[in-house]
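A.B. asks: Per the numbering used here: the sequence shown = residues 1 to 286.
C-beta: ideal position from N, C-alpha, C; glycine also.
None of the values given here were measured: they were computed from a predicted structure.
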Amino acid sequence: MTNTGKDYELFVKSLQQAILNSESVATQKNIVIEVNKKLIDDCQIEREFDLYWEYELGGLIYKTIIECKDYNSKISVDKIDALIGKVRDLPDIKAVFATKQGYQSGAQKKAARNKIELLIVREQNDTDWRDSEGRPLIKKIIINMFICLPASINHFLPTVDSKWLEENNKQNIDSSFSLTGLDKDIIIEDIGRSDKYSLYDLSYRLSNIDGKRIGTFEEPINFDNAFLIYKELKLKIKSILLNYSIHKPIENPIEIDFSKELEGVIEYLERGKKKTIFKNGKIRNF
Numbered sequence: 001m002t003n004t005g006k007d008y009e010l011f012v013k014s015l016q017q018a019i020l021n022s023e024s025v026a027t028q029k030n031i032v033i034e035v036n037k038k039l040i041d042d043c044q045i046e047r048e049f050d051l052y053w054e055y056e057l058g059g060l061i062y063k064t065i066i067e068c069k070d071y072n073s074k075i076s077v078d079k080i081d082a083l084i085g086k087v088r089d090l091p092d093i094k095a096v097f098a099t100k101q102g103y104q105s106g107a108q109k110k111a112a113r114n115k116i117e118l119l120i121v122r123e124q125n126d127t128d129w130r131d132s133e134g135r136p137l138i139k140k141i142i143i144n145m146f147i148c149l150p151a152s153i154n155h156f157l158p159t160v161d162s163k164w165l166e167e168n169n170k171q172n173i174d175s176s177f178s179l180t181g182l183d184k185d186i187i188i189e190d191i192g193r194s195d196k197y198s199l200y201d202l203s204y205r206l207s208n209i210d211g212k213r214i215g216t217f218e219e220p221i222n223f224d225n226a227f228l229i230y231k232e233l234k235l236k237i238k239s240i241l242l243n244y245s246i247h248k249p250i251e252n253p254i255e256i257d258f259s260k261e262l263e264g265v266i267e268y269l270e271r272g273k274k275k276t277i278f279k280n281g282k283i284r285n286f
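Take a look at the structure:
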């Protein structure tokens, strides 16, 4: 398929528009870049330019054109000569040239002499992820997240204080019994430790915080002064026997690749500066 250069023109337009949108004057003036703009020069000849924009400031109108060339080799001096010829009879135009691979030395000299600004407008490469001193910039962040699941309480066996049962006329309840119910509804009020929690809360306390304990366990919890509360039932307990399982943490790696957000790069050869333009409109200057 023949390369018409239209895709590159739109690429340059997108980056330049993002830069204009980031500047206060452009925001106030609502500057919009036009494509394939036709202008009539002083000789009444129609000239067409790839990109064009203008704005008024302080009673003066500022006009800029960009000639875009999507070449795989450096721009030669004859291409600069052609642009000089197009703008010669448009004295109030600021002329800019944009390409991907750079310019031959003769083209750079001719452009500088005729006040044509040369840009390299391209996609990113590895050099864009280093600062001016060659130090690497953060291009990608990989976060290994480990999600610790709450323990699963398989079996819960409370031991009721038999003396308390007799004193409170609860002889119809065995001192050791199983209780079935929602884990959020079964409450342990540990007065001796000034603590109160549900089995649901307890499952999180037993969770695999350090990642070392994995498997099924059974262990007692003893109390000096505690009550088991379930709906209307409240019993003083001496201990509970827990059978619970601790699961392996779930690994969830997250990758943040900043390079996918970098839309393109503009290099200003005469000034020795560079701008990187991100998809969110953020501009970084180098």
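Who are the Cβ neighbours of Y204 in its own chain at under 6 Å, not counting the five residues just before and after it?
C.D. replies: P150
A.B. asks: Taking the alpha-carbon of I116 as reference, which of P249, P136, I80 has the nearest alpha-carbon?
C.D. replies: I80
A.B. asks: Within 10 Å of its beta-carbon, does G264 have 16 or more other beta-carbons around it, so buried, or fewer, so exposed?
C.D. replies: buried
A.B. asks: Buried or exposed: which applies to F146, given that a residue is buried once 16 or more other Cβ atoms fall within 10 Å of its Cβ?
C.D. replies: exposed
A.B. asks: Quick one: what does DSSP say E9 is sitting in, helix, strand or coil?
C.D. replies: helix
A.B. asks: Just the Cα atoms here: how many angstroms apart are D128 and F258?
C.D. replies: 12 Å
A.B. asks: By the three-class DSSP mapping on this structure, what secondary structure does Y52 have?
C.D. replies: It is a strand residue.
A.B. asks: Taking only runs that begin and end inside the region 45-92, name each unbroken alpha helix (DSSP H) of 4 or more residues, in chain order.
C.D. replies: 77-87
A.B. asks: Rank E261, I266, G106, I93 by C-alpha distance to the C-alpha of I40 and give the top, closest one.
C.D. replies: I93
A.B. asks: Please name the residue in V160, K109, E123, Y103 whose C-alpha comes closest to that of L15.
C.D. replies: E123
A.B. asks: Is the region 102-118 in contact with the region 133-145, if contact means three or more CB pairs nearer than 8 Å?
C.D. replies: no
A.B. asks: Figure out for me which residue from I254, T276, I266, F11 has the closest Cα to the Cα of I142.
C.D. replies: I254
A.B. asks: In angstroms, rounded to a whole number, what distance separates the CA positions of Q104 and S76?
C.D. replies: 5 Å
A.B. asks: Ignore the nearest five residues each way along the sequence and tell me which others in E270's own chain have a CB closer than 7 Å to its CB.
C.D. replies: A112, E117, L118
A.B. asks: On the three-pair Cβ rule with 8 Å, is the region 271-279 touching the region 180-200?
C.D. replies: No contact exists between the region 271-279 and the region 180-200.
A.B. asks: Spatial neighbours of D7 within its chain, please: C-beta separation below 8 Å, excluding the five flanking residues on both sides.
C.D. replies: D70
A.B. asks: Please report the straight-line C-alpha distance between E34 and E67, rounded to a whole angstrom.
C.D. replies: 12 Å
A.B. asks: Please state whether the Cβ-Cβ distance between F223 and Y244 is less than 8 Å.
C.D. replies: No.
A.B. asks: Hey, which unbroken runs of the alpha helix (DSSP H) at 4 residues or more fall wholly within the region 178-213?
C.D. replies: 199-205
A.B. asks: Could you work out which residue in S152, R88, N225 is closest to G215 when comparing CA atoms only?
C.D. replies: The shortest C-alpha separation from G215 is found at S152.
A.B. asks: Start and end of the beta strand (DSSP E) containing K140?
C.D. replies: 140-147
A.B. asks: Please specify which runs of the beta strand (DSSP E), each continuous and at least 3 residues long, are wholly inside the region 201-283, giving them in chain order.
C.D. replies: 215-230, 233-246, 250-257, 262-268, 273-278
A.B. asks: Taking only the alpha-carbon atoms, compute the straight-line gap between H247 and L202 and give it to the nearest angstrom.
C.D. replies: 15 Å
A.B. asks: Is DSSP giving T99 helix, strand or coil here?
C.D. replies: strand
A.B. asks: Going by the beta-carbon positions, is the gap between V96 and I61 smaller than 8 Å?
C.D. replies: no
A.B. asks: Which residue comes first and which comes last in the alpha helix (DSSP H) that contains L165?
C.D. replies: 162-167
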